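Protein chains: 6
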Amino acid sequence: MRHGQEHIDHDMVKIEVNLDDIPGEWLGHVMELLLKEGANDVFYIPIYMKKNRPGTMLQVLCHESQKSGMMDIIFRETTTLGARYYPLSVKRLGRQFRKVETPWGMVSVKEGLLEGKIVQQAPEYSDCKAISDKNSIPLKQVFQEVWKQLK
Amino acid sequence: MRHGQEHIDHDMVKIEVNLDDIPGEWLGHVMELLLKEGANDVFYIPIYMKKNRPGTMLQVLCHESQKSGMMDIIFRETTTLGARYYPLSVKRLGRQFRKVETPWGMVSVKEGLLEGKIVQQAPEYSDCKAISDKNSIPLKQVFQEVWKQLK
Amino acid sequence: MRHGQEHIDHDMVKIEVNLDDIPGEWLGHVMELLLKEGANDVFYIPIYMKKNRPGTMLQVLCHESQKSGMMDIIFRETTTLGARYYPLSVKRLGRQFRKVETPWGMVSVKEGLLEGKIVQQAPEYSDCKAISDKNSIPLKQVFQEVWKQLK
Amino acid sequence: MRHGQEHIDHDMVKIEVNLDDIPGEWLGHVMELLLKEGANDVFYIPIYMKKNRPGTMLQVLCHESQKSGMMDIIFRETTTLGARYYPLSVKRLGRQFRKVETPWGMVSVKEGLLEGKIVQQAPEYSDCKAISDKNSIPLKQVFQEVWKQLK
Amino acid sequence: MRHGQEHIDHDMVKIEVNLDDIPGEWLGHVMELLLKEGANDVFYIPIYMKKNRPGTMLQVLCHESQKSGMMDIIFRETTTLGARYYPLSVKRLGRQFRKVETPWGMVSVKEGLLEGKIVQQAPEYSDCKAISDKNSIPLKQVFQEVWKQLK
Amino acid sequence: MRHGQEHIDHDMVKIEVNLDDIPGEWLGHVMELLLKEGANDVFYIPIYMKKNRPGTMLQVLCHESQKSGMMDIIFRETTTLGARYYPLSVKRLGRQFRKVETPWGMVSVKEGLLEGKIVQQAPEYSDCKAISDKNSIPLKQVFQEVWKQLK
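Residue numbers (our numbering), protein chains in the order written: chain Z, 1 to 151; chain Y, 1001 to 1151; chain V, 2001 to 2151; chain B, 3001 to 3151; chain C, 4001 to 4151; chain W, 5001 to 5151.
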């Protein structure tokens, strides 16, 4: 069982790029590459840019040491000529995993601890989805079954 | 003074297109062309499309008789292979215009009438903006001045 | 216990208005009035309008017989000169309510039935929130407790 | 080579559902199921719902004959108690496919015809992405190479 | 009369959380709790997250000294395992209040001063809304009446 | 030919303002003024604010030395009583321009260089749009023609 202590990480960074000259279908690919490179999170925000242009802001969250690699992907795969960034601190809960038995197999549950107390219990999406896909059961029913097993 | 009676227009249509393979900067141009062609309104809605694609929905409001011309622009200027549409009814207020004197010149005010009663009074944006640009006065101050003159 | 049969309602209507000349704070008030008047749902969609204007589309769902009353509120309380609408059909699940006992009191659960089979079980937000507020318990904990009691 | 004539399809339908009580991660799964079932398009629109709830509107475009199957998925997999729908017409361009040779292999290009004239030429995303992934070439470079080969 | 001097506050902080596994209805409650705890502002941004998930970014603006209390609410009431933050400076206008007489009672107007000059005049929403609700007058009419009284 | 070296700019700043009491039409004007003043970028983000208010976040990117001028415009032209800001670093590609011959005239292409290698080639929007407007050619056709000329 993996166990992570509650802590504050002061070496995170957010990278931002405004995009108004790239097709949306390329951006799905960019997200995939950045996540594969190890970004903590990658997401898009709809923005309204000058000259009536619907645009998209790309945001990447990563460790300071990964910044350069993320920038390379951004410059190679998007159409931007510049990328801005600024430092972030992140407070992270302690983490531990629990296994829960369901009629269709085991599901991992990620737990978050604040000062040693469990405040989050999140069934792993990939486990639930695999059960849902294999057994043709609605995904929500799988989650509900796991929630019932939790104390 | 132009005067429009309150009425319901049953011959309007909305055209919609989902776009995930076009740069945002082209869409500013598309909006301009559709408005020049006489569309009642053209606007964009941010949407989340498959494969993690940030997309944009184009919506055009126009009279049924203009539909074909709008479609031509959409097919020539965007990247879509299909455009959907459906009929709309529009209830419109009666309209009349009033002139208001400000220290910097006249401003038109569009009034909307519901059963003969004025329910809307909208200073014309282009008049106010022209005054603001010419006299280096904040736009909001121009609007506020006009509002004060209204009864 | 209220009990609604699964059915299709063919007399619904959607009213839409694009707004680019109204402050957001007024729109919270408009939503309140439309819901009080009996609208089935009222919500806002962010849109990108001409001349680089961030705008808002108001959408109201209501029964055909309520359309006129909703229109009156829209014309009196917003700044629009026109409102469009079109008919909708709505398929509704059968509905029934169940009571669930928690350590902090009863909670209603709304159930949705498709061909006689329960496919939805939704704890009532207002019941859960009341418990959360009164007992200073996280809202999610109240929901989780209710889910555990459900079969 | 598939070949489709320009035509108008009058038997399409749009299904809409407002969701404020479902986690976003379930919605990725719902999109997948609806597309697998044969929907023409599935997408999400961010909406602002009552009681300060960030919500999501699900929209599904499909043929009238598929409506019932889509509804079943929606009721089983989401948390809604009702789903609205209305008919759409869709004007579709004629379609044909062309093969383009690149240094890394063949790419299909979908062409759209308006009154017999080619107005759209879209390199197939999946072909370009496969080349990009296999050869570690930026996706945009693959698209640009294909565009150069087009007349 | 309260009077605040124009100044720059260097001890503000922004807290951000990305959420893709929480129902929207819980987020209305979270906003309420954070505002009650004394946040300067709380708002939601629609974002597009991995695996086709419509997500929501929570942003909280507060004084550095309040950060810990806000974090506690976020961890207890949402589903996140981490919350990021970064420091902000805020330039604030001087503030003063003025009372304006209307036919239906007094309304407070908040004024903003830049280098001693009034640049903002905002009728208090809650005063205007109370008048609107009590007298069944459109909210916009109350605001317009107040604007007319302002110099 | 202008030529800019690849570099990191550590003196940039982002200014942010949340707006819920300003009409959208004024915001188009504000964007114009900020860009005229020399902002690197100005854009709007749709946000969900308290009391069910659809709001807009204004973001301005500029050099630290321009901050004060931008603030003045914001306070004079919008309705806010405060504006927050924080420092940014921006990595910028090297830049050079190339001229491309088309059947309708010259088009500038902006190129971005990463470690001396061209990674971006962007036809200038204004050149392409001028050709499109003058010759009544779809904008996308102009871009495609330019792309074909690029090596």
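Beta carbons: idealized from backbone N, C-alpha and C, even for Gly. Since this is a predicted model, take the numbers as computed values, not measurements.
Excluding the 5 residues flanking I5022/W on each side, which residues of the same chain have their C-beta closer than 6 Å to its C-beta?
Residue 5022/W sits at position 22 when you count from the first residue of the sixth sequence. So the list reads T5078, T5079, once near-sequence residues are dropped.
Classify E25/Z as helix, strand or coil using the three-state DSSP reduction.
Translated into the one-based positions of the first sequence, residue 25/Z becomes position 25. Of the three classes helix, strand and coil, the one that applies to E25/Z here is helix, per DSSP.
Assign K4011/C to buried or exposed, taking buried as 16 or more other Cβ atoms, counted over all protein chains shown, within 10 Å of its Cβ.
For the purposes of this step, residue 4011/C is taken as the residue at position 11 of the fifth sequence. Looking at the sequence itself, residue 4011/C is Asp, so the reference to Lys does not match. With fewer than 16 Cβ atoms within 10 Å of its Cβ, D4011/C is classed as exposed.
Between I2073/V, G2112/V, P2087/V, G2116/V, which lies nearest to P4138/C when the distance is taken from Cα to Cα?
Along the fifth sequence, read from residue 1 onward, the residue named residue 4138/C stands at position 138. By alpha-carbon distance to P4138/C, the top candidate from I2073/V, G2112/V, P2087/V, G2116/V is I2073/V.
So the candidates are S4126/C, R4053/C, Y4085/C; which of them puts its Cα closest to the Cα of E4016/C?
For the purposes of this step, residue 4016/C is taken as residue 16 along the fifth sequence, with counting starting at 1. Selected option, being the one with the closest Cα: Y4085/C.
Need the endpoints of the beta strand (DSSP E) that L113/Z sits in, please.
Translated into the one-based positions of the first sequence, residue 113/Z becomes position 113. DSSP places L113/Z in the uninterrupted beta strand (DSSP E) bounded by 105-114.
Length of the line joining the Cα atoms of L5019/W and D3009/B
Taking the sixth sequence and counting its residues from 1, the one referred to as residue 5019/W is at position 19. Taking the fourth sequence and counting its residues from 1, the one referred to as residue 3009/B is at position 9. Looking at the two C-alpha atoms, the distance is approximately 43 Å.
Please classify K4051/C: does DSSP put it in a helix, a strand, or coil?
Here residue 4051/C is taken as the residue at index 51 of the fifth sequence, counted from 1. Three-state result, K4051/C: coil.
Would a check of beta-carbon distances place F75/Z closer than 7 Å to chain W?
Here residue 75/Z refers to the residue found at position 75 when the first sequence is read from its first residue. Taking Cβ atoms only, chain W reaches closer than 7 Å to F75/Z, which makes this a yes.
Anything in chain Z within Cβ reach of L1027/Y, meaning under 8 Å, just list it in chain order.
Along the second sequence, read from residue 1 onward, the residue named residue 1027/Y stands at position 27. Identification of chain Z residues near L1027/Y by a Cβ-Cβ cut-off of 8 Å yields N52, R53, P54, ordered along the chain.
Please say whether R1098/Y and E1111/Y have beta carbons closer to each other than 7 Å?
Looking up residue 1111/Y in the second sequence gives position 111. Looking up residue 1098/Y in the second sequence gives position 98. Yes. Within cutoff.
Exposed or buried, what is R2002/V when buried is set at 16 or more other beta-carbons lying within 10 Å of its beta-carbon?
Counting from one through the third sequence, the residue named residue 2002/V turns up at place 2. Because R2002/V sits at a pLDDT of 46, beneath the cut-off of 50, its placement in the model cannot be relied upon, and the following sentence gives the value as read from the coordinates. R2002/V is exposed by the Cβ-count criterion.
Count Cβ pairs between the segment 3143-3150 of chain B and the segment 3115-3126 of chain B that sit closer than 8 Å; are there 3 or more?
Three or more beta-carbon pairs drawn from the segment 3143-3150 of chain B and the segment 3115-3126 of chain B are found closer than 8 Å, and the two stretches are therefore classed as touching.
Going by beta-carbon coordinates alone, are R95/Z and G4/Z separated by less than 7 Å?
Numbered from 1 along the first sequence, position 95 holds the residue referred to as residue 95/Z. Numbered from 1 along the first sequence, position 4 holds the residue referred to as residue 4/Z. Cβ atoms of R95/Z and G4/Z: closer than 7 Å.
Taking 7 Å as the CB-CB cut-off, is Y1048/Y touching chain W?
Position 48 of the second sequence, counted from the start, is the residue given in the question as residue 1048/Y. Any Cβ of chain W closer than 7 Å to the Cβ of Y1048/Y would place that residue at the interface, and such an atom is absent.
Please list the partners that K4129/C has in chain V, where partner means a Cβ-to-Cβ separation under 7 Å.
Position 129 of the fifth sequence, counted from the start, is the residue given in the question as residue 4129/C. H2029, listed in chain order.
Give me the Cβ distance between T5056/W and L5027/W, rounded to the nearest whole Å; I'm assuming they're in contact under 8 Å.
What you label residue 5056/W is simply residue 56 of the sixth sequence in a count that begins at 1. What you label residue 5027/W is simply residue 27 of the sixth sequence in a count that begins at 1. Indeed, because the Cβ distance is near 6 Å, the residues count as touching under 8 Å.
Shorter than 7 Å from the beta carbon of D41/Z to some beta carbon of chain Y?
On the first sequence, residue 41/Z is found 41 positions in, with the first residue counted as 1. For D41/Z, not one C-beta of chain Y is nearer than 7 Å to its own C-beta.
Compare the C-beta of Y4970/W against all C-beta atoms of chain Y and say whether one is closer than 7 Å.
Residue 4970/W lies beyond the stretch modelled for chain W, which goes from 5001 to 5151, so this question has no answer here.
Whole angstroms is fine: what's the gap from T3102/B's alpha carbon to H3029/B's?
Your numbering for residue 3102/B matches position 102 in the fourth sequence. Your numbering for residue 3029/B matches position 29 in the fourth sequence. T3102/B and H3029/B have their C-alpha atoms some 35 Å from each other.
Spell out whether any CB of chain W is found under 7 Å from the CB atom of R1002/Y.
Residue mapping note: residue 1002/Y aligns to position 2 of the second sequence, counting from 1. Reliability fails at R1002/Y, whose pLDDT of 46 lies under 50, so the model's placement of it is uncertain and the value that follows must be treated cautiously. No - not a single Cβ of chain W is within 7 Å of the one on R1002/Y.
Using a Cβ-Cβ distance under 7 Å, would R4098/C count as near chain Z?
As a first step, residue 4098/C is located in the fifth sequence; it is residue number 98 there, counting from the start. Chain Z contact via Cβ: absent.
Tell me, please, which residues DSSP counts as bridged to S89/Z.
One-based indexing of the first sequence puts residue 89/Z at position 89. Here S89/Z is bridged, per DSSP, to Y4085/C.
With a threshold of 8 Å on Cβ separation, who are the neighbours of K4134/C within its own chain once the five nearest residues in sequence on each side are excluded?
On the fifth sequence, residue 4134/C is found 134 positions in, with the first residue counted as 1. So the qualifying residues of the chain are W4104.
Three-state secondary structure (DSSP) of D3020/B
Within the fourth sequence, the letter at position 20 stands for residue 3020/B. D3020/B: coil per DSSP, three-state reduction.
8 Å Cβ cut-off: residues of chain C touching M12/Z
Position 12 of the first sequence holds residue 12/Z. Neighbours of M12/Z on chain C, chain order: R4084.
Return no unless some Cβ of chain Y is closer than 7 Å to the Cβ of K4151/C.
As a first step, residue 4151/C must be located in the fifth sequence, where it is residue number 151. Interface annotation, K4151/C: not in contact with chain Y, CB-CB separation never under 7 Å.
Could you check what DSSP says for Q5066/W in three-state terms: helix, strand or coil?
The sequence position of residue 5066/W within the sixth sequence is 66, counting from 1. Shown here, Q5066/W sits in a helix according to DSSP, grouped into three states.
On the DSSP bridge assignment, give the partners of T3102/B in chain order.
In the fourth sequence, the residue the question calls residue 3102/B occupies position 102. Per the DSSP secondary-structure output, T3102/B pairs in a beta bridge with G3105/B.
Bridge partners - V1013/Y, DSSP secondary structure assignment:
Residue numbering aside, residue 1013/Y sits at position 13 when the second sequence is read from its first letter. Paired residue(s): C1062/Y, P1087/Y.
Measure from the C-beta of W5104/W to each C-beta in chain B and report whether the shortest distance is under 7 Å.
Position 104 of the sixth sequence holds residue 5104/W. Not closer than 7 Å to any Cβ of chain B, the Cβ of W5104/W fails to qualify, so no.
First and last residue of the uninterrupted alpha helix (DSSP H) at I1118/Y
Counting from 1 along the second sequence, the entry for residue 1118/Y is found at position 118. Element bounds for I1118/Y: not the alpha helix (DSSP H) but the beta strand (DSSP E), 1117-1123.
Pick from V4142/C, R4076/C, L4114/C, N4040/C that is closest to S4108/C, judged by C-alpha positions:
Along the fifth sequence, one-based indexing puts residue 4108/C at 108. Here the closest residue by C-alpha is V4142/C.
Using the Cα positions of V13/Z and L61/Z, report the straight-line distance between them to the nearest angstrom.
Translated into positions along the first sequence, residue 13/Z becomes position 13. Translated into positions along the first sequence, residue 61/Z becomes position 61. Each residue's CA atom was taken as its position, placing V13/Z and L61/Z some 6 Å apart.
Can you say whether E5145/W is buried or exposed, counting buried as having 16 or more other CB atoms within 10 angstroms of its CB?
Position 145 of the sixth sequence, counted from the first residue, corresponds to residue 5145/W. Burial call: buried.
For a test of the three-state rule: what should DSSP assign to Q3005/B, helix, strand or coil?
As a working mapping, residue 3005/B is identified with position 5 in the fourth sequence. Assignment of Q3005/B by DSSP, reduced to helix, strand and coil, places it in the coil class.
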